[in-house]
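**Student:** Residue numbers for the sequence shown follow our numbering, so the first one is 8 and each next one is one higher. Got a structure for you, written out below as structure tokens; questions coming shortly.
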Amino acid sequence: MPLAFCLAITTIFNANLLTGLLWFFTCGFFYLGQIYDLLIIPNMVDEYEQKLLLKAGLSPLGVSMNERIFISQVHKPAEKPMIVKLIEAAEAKGGSLTVTQGVKATGMSFAEVEATLQEMLKSNHIRIGNDPISGVVTYYFDEL
């Protein structure tokens with residue numbers, strides 16, 4: 008008999024007032040409720056702890072939900088501009104570069120690399136030609 012009352016009290020304590028009173032006055036719902044409670048008590052405890060964490064302003068993992076993170080607080084590593092990556096790749100290749108080599112060096116798309124190389128060509132920083140052996144369009148960085 009004391010077990011039925013103990014389980015009723017734990018049910019009431021976990022904010023299940025109606026179920027707790029039913030368990031209390033029927034001796035654990037004719038002892039079937041006791042078996043049920045023994046199976047769900049761990050879940051009841053977890054739910055109760057989650058409610059306490061939320062009331063305290065913490066996430067289920069215990070991290071504060073009240074702190075605001077501003078974009079200025081997030082450190083983004085400075086990435087080199089694509090032109091610099093292309094120049095470094097051309098320098099590593101002996102002063103010439105194809106679009107495919109540029110894509111490999113920068114991780115950008117073919118269209119982006121080609122547009123950047125064409126921009127550099129229009130401003131007379133590089134010249135264009137064909138590789139004498141393969142015939143592939145090659146951009147020459149004469150200043151390197």
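We treat Cβ as the ideally placed atom computed from N, Cα and C, and that holds for glycine. Just so we're clear, the structure is a prediction, and the values are computed from it rather than from any experiment.
Are three or more beta carbon pairs between the segment 126–134 and the segment 107–117 nearer than 8 Å?
**Tutor:** The answer is no - the segment 107–117 does not touch the segment 126–134, with fewer than three Cβ pairs under 8 Å.
**Student:** From the DSSP output, read off the bridge partner residues of G136.
**Tutor:** For the purposes of this step, residue 136 is taken as residue 129 along the sequence shown, with counting starting at 1. G136 is bridged to T145.
**Student:** Should T107 be labelled buried (16 or more other beta-carbon atoms within 10 Å of its own) or exposed?
**Tutor:** Residue 107 sits at position 100 when you count from the first residue of the sequence shown. With fewer than 16 Cβ atoms within 10 Å of its Cβ, T107 is classed as exposed.
**Student:** Within a Cβ cutoff of 8 Å, which residues of the same chain sit near L65, ignoring the five residues on either side of it in sequence?
**Tutor:** Taking the first residue of the sequence shown as 1, we reach residue 65 at position 58. Answer for L65: S71, M72, listed in chain order.
**Student:** Tell me the DSSP secondary structure of L25 in three-state form.
**Tutor:** One-based indexing of the sequence shown puts residue 25 at position 18. Helix, per DSSP.
**Student:** Is A122 buried or exposed, if buried means 16 or more other CB atoms sit within 10 Å of its CB?
**Tutor:** The residue you call residue 122 lines up with position 115 of the sequence shown. With fewer than 16 other Cβ atoms within 10 Å, it is exposed.
**Student:** Give me the DSSP bridge partner(s) of S222.
**Tutor:** This structure cannot speak to residue 222, because the chain is shown only from 8 to 151.
**Student:** Closer than 8 Å by C-beta to I4: which residues in its own chain qualify, once you throw out the five before and the five after it? Chain order, please.
**Tutor:** Only positions 8 to 151 of the chain appear in the structure, and residue 4 is not among them; the question remains open.
**Student:** Sorted by chain position, which residues of the same chain lie with C-beta nearer than 7 Å to I135's C-beta, five sequence neighbours on each side aside?
**Tutor:** Counted from its first residue, the sequence shown places residue 135 at position 128. The answer, listed in chain order, is L128, V144, Y146.
**Student:** Would you tell me roughly how many angstroms separate the C-alpha atoms of Y38 and L59, rounded to the nearest one?
**Tutor:** Your numbering for residue 38 matches position 31 in the sequence shown. Your numbering for residue 59 matches position 52 in the sequence shown. The alpha-carbon atoms of Y38 and L59 are separated by roughly 30 Å.
**Student:** By the DSSP assignment, the alpha helix (DSSP H) with P49 in it spans what residues?
**Tutor:** For the purposes of this step, residue 49 is identified with residue 42 of the sequence shown, where counting begins at 1. From DSSP, the alpha helix (DSSP H) with P49 extends over 39–62.
**Student:** Compute the Euclidean distance between the alpha carbons of F32 and Q41, then round it to the nearest angstrom.
**Tutor:** As a first step, residue 32 is located in the sequence shown; it is residue number 25 there, counting from the start. As a first step, residue 41 is located in the sequence shown; it is residue number 34 there, counting from the start. Taking the straight line joining both Cα atoms gives about 13 Å.
**Student:** What is the DSSP secondary structure of L65, reduced to helix, strand or coil?
**Tutor:** What you label residue 65 is simply residue 58 of the sequence shown in a count that begins at 1. Three-state result, L65: strand.
**Student:** Taking the alpha carbon of L151 as the reference point, which residue from G69, P139, A97, T105 has its own alpha carbon closest?
**Tutor:** Start at 1 with the first residue of the sequence shown, and residue 151 comes out as number 144. It is A97 whose Cα lies nearest to the Cα of L151.
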